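J.:
There are 4 protein chains.
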Amino acid sequence: MSSNSFGKLLTVTTFGESHGPAIGCVVDGCPPGLEIAPEEFRHDLERRATGKSRHTSARREADEVEILSGVYEGCTTGTPIALLIRNTDQRSKDYADIARQFRPGHADYTYWQKYGIRDPRGGGRSSARETTMRVAAGVIAKKWLQQRYGVTVRGYLSQLGPIVPAGFAWEAVEDNPFFWPHAAQVPALETYMDALRKSGDSIGARVNVVADGVPAGWGEPIYGKLDGDLAAALMSINAVKGVEIGDGFAAVTQKGTEHRDLMTPDGFLSNHAGGILGGISTGQQVTASIVLKPTSSLRLPGATVDVDGNTVDVITTGRHDPCVGIRATPIAEAMMALVLMDQALRHRAQCGDVGEVPPHVPGSVDG
Amino acid sequence: MSSNSFGKLLTVTTFGESHGPAIGCVVDGCPPGLEIAPEEFRHDLERRATGKSRHTSARREADEVEILSGVYEGCTTGTPIALLIRNTDQRSKDYADIARQFRPGHADYTYWQKYGIRDPRGGGRSSARETTMRVAAGVIAKKWLQQRYGVTVRGYLSQLGPIVPAGFAWEAVEDNPFFWPHAAQVPALETYMDALRKSGDSIGARVNVVADGVPAGWGEPIYGKLDGDLAAALMSINAVKGVEIGDGFAAVTQKGTEHRDLMTPDGFLSNHAGGILGGISTGQQVTASIVLKPTSSLRLPGATVDVDGNTVDVITTGRHDPCVGIRATPIAEAMMALVLMDQALRHRAQCGDVGEVPPHVPGSVDG
Amino acid sequence: MSSNSFGKLLTVTTFGESHGPAIGCVVDGCPPGLEIAPEEFRHDLERRATGKSRHTSARREADEVEILSGVYEGCTTGTPIALLIRNTDQRSKDYADIARQFRPGHADYTYWQKYGIRDPRGGGRSSARETTMRVAAGVIAKKWLQQRYGVTVRGYLSQLGPIVPAGFAWEAVEDNPFFWPHAAQVPALETYMDALRKSGDSIGARVNVVADGVPAGWGEPIYGKLDGDLAAALMSINAVKGVEIGDGFAAVTQKGTEHRDLMTPDGFLSNHAGGILGGISTGQQVTASIVLKPTSSLRLPGATVDVDGNTVDVITTGRHDPCVGIRATPIAEAMMALVLMDQALRHRAQCGDVGEVPPHVPGSVDG
Amino acid sequence: MSSNSFGKLLTVTTFGESHGPAIGCVVDGCPPGLEIAPEEFRHDLERRATGKSRHTSARREADEVEILSGVYEGCTTGTPIALLIRNTDQRSKDYADIARQFRPGHADYTYWQKYGIRDPRGGGRSSARETTMRVAAGVIAKKWLQQRYGVTVRGYLSQLGPIVPAGFAWEAVEDNPFFWPHAAQVPALETYMDALRKSGDSIGARVNVVADGVPAGWGEPIYGKLDGDLAAALMSINAVKGVEIGDGFAAVTQKGTEHRDLMTPDGFLSNHAGGILGGISTGQQVTASIVLKPTSSLRLPGATVDVDGNTVDVITTGRHDPCVGIRATPIAEAMMALVLMDQALRHRAQCGDVGEVPPHVPGSVDG
């Protein structure tokens, strides 16, 4: 399988460079009969978009999705769904100066070491622009999971540098540009980000993703575990340096009596496991948490080398987020949704369907 | 691909239940001409083995590996290498009492929910016994990486519950049953573990794995990233709830100027990235860290349900480690070695060989 | 995926050399709850076995299958099913003389060219002995297809060198050692084979395989077509040099009005397509035909070279079939059954289940 | 892996329907540094194009390939290469009448049975239009194989209904619209086709494909055999009902002494095997032959049913080739080239490079 693809039965292949003609993806394996329209991609793409507020990069893309295939008269047909977004705001000149330099903390150096050639414009293939297509593909997965199983996947920023939420409400998350779960802290976040941007520096962050409604039984031992797939999917997001399921690293200092989730006929009494045991969903909330490193594209100079091995000081003058973690929220949601849908199909293949199947739509094979 | 397989070019497929006739694996894709003998598996299998000391489970398996195929006159032939270990110490009776109960924190419940049938003996397929074959497969990968590229993969216990190393020396790691990097603390660890075992409880742990000598250029964007593969491989180990690369979650509170690894003509000035940028190795140490949850098999009773939905109190009377993290060290090493060897082969396929082939020249077909 | 594996959801991995300690396979993805016992493998393995009659090789293996995993109390559990057969009749000395020679028409030369090392005993990995495990895996697929969908897969020898069947009856096929569909011709076949064996030469053959009861809708466009999968699976059988679906090469000279299968409300009026259109089953019989080349292991000398490039005359003195096509019948059946089961699971994953699902067995998720 | 993808290391994913907005493909795994320009696709696309002569369909597409990604300053970068062709000549009205009917011999019925929904315009996903992207992807593979290993892949029409070549010259093949290897027969072919078109009927054909320069050692036992991969790749072409390697079905009546290719220090004395033994290339010409059924889209009425199960007579009024086999030649070449390039990369991964690396020395890790 292409290394630019993921998913066993719901397979997503992305392509495109930051400043090439277009980015796109092919989503294959989607059941037939799912209604999907181009405008349905807009909401999540806007949530991810750069330029959403002054706290993220000033670059603004139209990001209009064109459906090239796999949808007929508004319904998926079971054939591959190709989605395309033209790159309209490329500004290659911003990057021309550093085409021969390796920005510290970037993939510039490793792509060059691997391939001996690289597209330096805007980070090329390694740009976070690629994640746009993940979000687009995720829209399909989210809709199918919701319609078919009532599953919802939501995320939020759970830490911004030193700041942690002082409260939690899902309703707050979509009401501020930080995906922050506690409205009262938003002014403090804005102050923090303004100072950071002024300083020319950047900051790390943490994002949590949660799936509600996942039935027990999704996930495949041993190397197709639900948490293994989530770890790969989330770690593949640009700037992610760590993935936790459930309590994650807090379990290092936990006792067994503290960590184990006791059960009663009414269900589990806790969810330290993050809804996954032995790689298979328990029927509880599936929870994951990721760390996004601070972006290395800074206005503050840093020592590096150029392609000839000379010492240079590099300053990134392009548009960059001082905290890439903020808009990682919809990306992480998309990756979790895609993994869940893939596992749902895999489970149905081996074990038959779970739960209540809605009445078949006339003429459709799959409800 | 089977969900009991991993690796794209070096593919490992494992099979077997804890108390079935045997466990085994098939390692496919290994280059021909590697010398390998049955006794070479012994060292790492002993490092992983239960019964190594009083601080791990008392179960003792001979764990003699039989090479069934793929090796002729002591050399790999390029055909699949099948390894088999008979289960000789099964003691199914230990588990008979809980065949109808779901141990909290175990895969018992999820396997039953998924498949409607499970082998309850010793955890069946979900037992950590399966990891024996990972370690065996890892021996092949370690040897090939060492011979071919001079790569070494080593691990150590970097936290045992509340205890963190007060010093670090690789030489210490193999001289104590804890894989602990600071010899002076070993008596304290023994005291801690003795008290823990007496209490009937268990504890979490953290394991670090490090690869030295990895050349720049291994790893494939976007969904075949080296860190993505490591995340999946390490998360698939029993009891692992989190994976970090490089600084991992510490990056949440780091500034960009703090995290980015500056470069000079003599190399990088730091390694916050853990030797991976954009999913591709930088040529530095590749570092990962994992958390192992405290085992849920406890002598202390805990509320759960049985297959009929009745409330029961379960006590695990079998042999279990109070800290499964301790012997996870060689397992994590094996997983990292297998991922690295797979990526080495993938890199050689697309970009030609490293170390023997001249640097990529622009305009050449490939290196 | 390992090149010694096939199947996307029902994945079969085989291992082992002709004269190594054992051959085996891992069958992964089988739904839980299928009853399977070691003795159920016997029938098809005997049908395939060498030594069945004087018309096939005199080598006789016990070929007792040991189930190593994936089956608990007689039922599949959903975890990988490992099957093992020890090689008990190895007689390596038969082959010692030709270890340094390349038998013309054999894989000796190509394995050596590819790997620079080979196991010369009995053809090593390239021996038809490997197909034993395909037949074993096929037993599971045949049973599941029969129980779940009422599908049967049967084959017969449709041509032996110049001899074609003068009549057809399925009942005849299993009543003679040739899998020949017309009983009256069996004495003529015996006479032909006796003369052939006396001459020291060998002969080609054709085998047909037919699946009844396959519902419409199995198969996946574009590169996972049912006929594409069948072509790969059947071509991978030793000595096969061609694969046809339906009318196959006869279609070269057919007109469109002749080839197309007209439809009425009662079904198709013909089946030139072999039950597959656009890569998807039509609901008719699925039919395939393969050619098996005459074995190149002959007692008649032939010019070849040795590993040093010298001219030598090679005579094969080991045990070999003068017509390998005869016992290819159960192998071809197995491959078709495995492909169909894989496609059935893939169809269920994407499109939900087809047809009447039998009542669930108590406790099982999948009927 | 997506069923709309093929290839393990050189992975091609195609998407698009005959009358949707566009068709396209993603080619992943191509080594970096290969020069490729949009105009290089033109030659083979024209060879495949409908409308090339009055003997193929009158539909004419511009078929201008746009390179969307993976190429920077005219060179491949190692990242996925996306190619796009807009559908400019759709004429959906041609097909509107039969949207509710199942054309006999077409995938209409099977897509409907599988998915419960289909894009009826021009055959939708099942249209031969999809093969345009195979040809485009094949251009990349042909160029790389030629540059890197001196491999050439060529095809020709080897039978048109009852007509077989009376002579053979590669030079002739590209000088006539039939890819026919004997110039003197071209008028007779034209006469035959004119009469056929007049009659409203269609005819089958046979296409041969040949690769020169393939080094010994490409191909992977057991289920990744070179001939197995070729069989799958060629059978996946629309209308193909059979695949032969080397002598193919002629081997049914051959003796072993006749079929086996004897060897001398100067090479093989014949090539009945088609350049493949044990699934691995011998270093000789690799030869394959396929049958293309007569198209079922005829102006002559034929009985069928509609989606409601009523009997109807269907007449296809759209543009269709009376012999689809003619323009299958470049498609078959493309598929063989793609398979060979994939196997070349796979071989390089496991065994090191050929042609540049010294012969395997016993005892070495790999060549």
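Protein chains in written order, with the numbering used here: chain A, 1 to 367; chain B, 368 to 734; chain C, 735 to 1101; chain D, 1102 to 1468. Note that CB positions come from ideal geometry on N, CA and C, so glycine has one too. Quick caveat, the model's predicted, so the values are computed rather than measured.
(1) Strictly under 7 Å for the Cβ-Cβ distance: is T1189 (chain D) near chain A by that measure?
(2) Could you please give the first and the last residue of the uninterrupted beta strand (DSSP E) stretch that includes D194 (chain A)?
(3) L524 (chain B) and I693 (chain B) look like a contact to me (Cβ under 8 Å); what is the Cβ gap, rounded to whole Å?
(4) Need the endpoints of the beta strand (DSSP E) that C392 (chain B) sits in, please.
(5) State the beta-bridge partners of Q101 (chain A) as determined by DSSP.
(6) Check S436 (chain B) in the structure and name its three-state DSSP category.
(7) I want to know whether the segment 438 to 451 of chain B touches the segment 850 to 857 of chain C - three or more CB-CB distances under 8 Å.
(8) At a CB distance below 7 Å, what residues from the segment 321 to 348 of chain A approach chain C? Give them in sequence order.
(9) Does A82 (chain A) get closer than 7 Å to chain D when you measure Cβ to Cβ?
(10) Whose C-beta lies closer than 7 Å to the C-beta of G615 (chain B) among residues of the same chain, with five residues either side of it excluded?
(11) I think R381 (chain B) touches C392 (chain B), with their Cβ atoms under 8 Å apart; what is that distance to the nearest whole Å?
(12) By the 10 Å Cβ neighbour count, where 16 or more other Cβ atoms means buried, how is H410 (chain B) classified, buried or exposed?
(13) Note down, in chain order, every chain C residue with its Cβ under 7 Å from the Cβ of E1345 (chain D).
(14) With distances taken between CB atoms, is the gap from S1228 (chain D) to S1119 (chain D) smaller than 7 Å?
(15) Determine the direct distance from the alpha carbon of L189 (chain A) to that of V164 (chain A), and round the result to whole angstroms.
(16) Compare the C-beta of D1367 (chain D) with all C-beta atoms of chain C and state if any pair is closer than 7 Å.
(17) Taking 7 Å as the cut-off, decide whether the C-beta atoms of H549 (chain B) and A562 (chain B) are in contact.
(18) What distance in whole Å lies between the Cβ atoms of L1441 (chain D) and A1470 (chain D), which are believed to be in contact at a cut-off of 8 Å?
(19) Under the rule that 16 or more other beta-carbon atoms within 10 Å means buried, what is A184 (chain A), buried or exposed?
(20) Name, please, each residue of chain A whose Cβ falls closer than 7 Å to the Cβ of L629 (chain B).
(21) Is it right to say R1235 (chain D) is buried, meaning 16 or more other beta carbons lie within 10 angstroms of its own, or is it exposed?
(22) Is it a yes or a no for the segment 662 to 680 of chain B touching the segment 261 to 276 of chain A, going by three-plus beta-carbon pairs under 8 Å?
(23) Please check if any C-beta of chain B sits within less than 7 Å of the C-beta of L744 (chain C).
(24) Report the three-state DSSP secondary structure of N371 (chain B) (helix, strand or coil).
(25) Specify, as a first and last residue, the run of the beta strand (DSSP E) that V1254 (chain D) falls within.
(26) Going by CA-CA distance only, name the one from B:M368, B:R453, B:A416 that's closest to P388 (chain B).
(27) Take every Cβ of the segment 673 to 682 of chain B, pair it with every Cβ of the segment 638 to 649 of chain B, and state whether three or more of those distances are shorter than 8 Å.
(28) Any beta carbon of chain A sitting closer than 7 Å to that of R1226 (chain D)?
(29) Output, in sequence order along the chain, the residues in the segment 108 to 119 of chain A whose CB is closer than 9 Å to any CB in chain D.
(30) Roughly how far, in whole angstroms, is the beta-carbon of Q468 (chain B) from the beta-carbon of P294 (chain A), given that I think they are within contact range, below 8 Å?
(31) Just the Cα atoms here: how many angstroms apart are H1373 (chain D) and G1347 (chain D)?
(32) Cβ closer than 9 Å: which chain D residues qualify as neighbours of C30 (chain A)?
(33) Any beta carbon of chain C sitting closer than 7 Å to that of Q350 (chain A)?
(34) From G1152 (chain D) to S1300 (chain D), what distance separates their C-alpha atoms?
(35) With a cut-off of 8 Å, do at least 3 Cβ pairs link the segment 571 to 586 of chain B to the segment 219 to 228 of chain A?
(36) Taking the continuous alpha helix (DSSP H) assigned at G1357 (chain D), which residues delimit it?
T.: Put simply:
(1) Interface with chain A (7 Å Cβ-Cβ cutoff): T1189 (chain D) is excluded.
(2) It is not in any beta strand (DSSP E) - D194 (chain A) instead sits in the alpha helix (DSSP H) that spans 186 to 199.
(3) Rounded to whole angstroms, the Cβ separation of L524 (chain B) and I693 (chain B) is 6 Å, and the two are in contact under 8 Å.
(4) That run of the beta strand (DSSP E) goes 389 to 395.
(5) DSSP output for Q101 (chain A) lists A:D306 as bridge partner(s).
(6) Coil, per DSSP.
(7) Enough Cβ pairs lie closer than 8 Å, so yes.
(8) The segment 321 to 348 of chain A vs chain C, Cβ under 7 Å: L345, R346, R348.
(9) It does; some Cβ of chain D falls within 7 Å.
(10) Short of 7 Å from the beta carbon of G615 (chain B), and not among the five residues preceding or following it, lie these beta carbons of its own chain, in chain order: S656.
(11) A small fix is needed here, since residue 381 (chain B) is Thr in this sequence, not Arg. That belief holds up - the Cβ atoms of T381 (chain B) and C392 (chain B) are roughly 4 Å apart, short of 8 Å.
(12) It counts as exposed.
(13) Ordered by position in chain C, the residues that pass the 7 Å Cβ test against E1345 (chain D) are K975, G976.
(14) Yes; because the gap between Cβ atoms is below 7 Å, this pair is in contact.
(15) So the two alpha carbons sit approximately 10 Å from each other.
(16) Not flagged as an interface residue toward chain C: D1367 (chain D), since no C-beta distance is shorter than 7 Å.
(17) Judged by beta-carbon spacing, A562 (chain B) lies beyond the 7 Å limit of H549 (chain B), meaning their Cβ atoms are not closer than that value.
(18) This structure cannot settle anything about residue 1470 (chain D), because the visible part of chain D is limited to 1102 through 1468.
(19) Under this definition A184 (chain A) is an exposed residue.
(20) Neighbours of L629 (chain B) on chain A, chain order: P104, G302, A303, T304.
(21) Sixteen is the threshold: when 16 or more other Cβ atoms of the shown chains lie within 10 Å of the Cβ of R1235 (chain D), as they do, the residue is buried.
(22) A contact exists between the segment 662 to 680 of chain B and the segment 261 to 276 of chain A.
(23) No, no contact with chain B.
(24) Coil, per DSSP.
(25) Unbroken beta strand (DSSP E) run through V1254 (chain D): 1253 to 1261.
(26) Answer by Cα proximity: B:R453.
(27) No: fewer than three Cβ pairs fall under 8 Å.
(28) Chain A, which has a Cβ nearer than 7 Å to the Cβ of R1226 (chain D), makes this yes.
(29) Listed in sequence order: Y111, K114, Y115, G116, I117, R118, D119.
(30) At roughly 48 Å, the Cβ-Cβ gap does not stay under 8 Å, so Q468 (chain B) and P294 (chain A) are not in contact.
(31) Approximately 5 Å between the Cα atoms of the pair.
(32) By Cβ distance, chain D contributes nothing, its closest Cβ being about 11 Å from C30 (chain A), past 9 Å.
(33) Against chain C, the CB of Q350 (chain A) has a partner CB under 7 Å away; the residue lies at that interface.
(34) Because G1152 (chain D) carries a pLDDT of 48, less than 50, the predicted location of this residue cannot be relied on, and no value is offered for it.
(35) Inter-segment contact for the segment 571 to 586 of chain B and the segment 219 to 228 of chain A is absent: fewer than three beta-carbon pairs are separated by less than 8 Å.
(36) Note, G1357 (chain D): alpha helix (DSSP H), 1357 to 1360.
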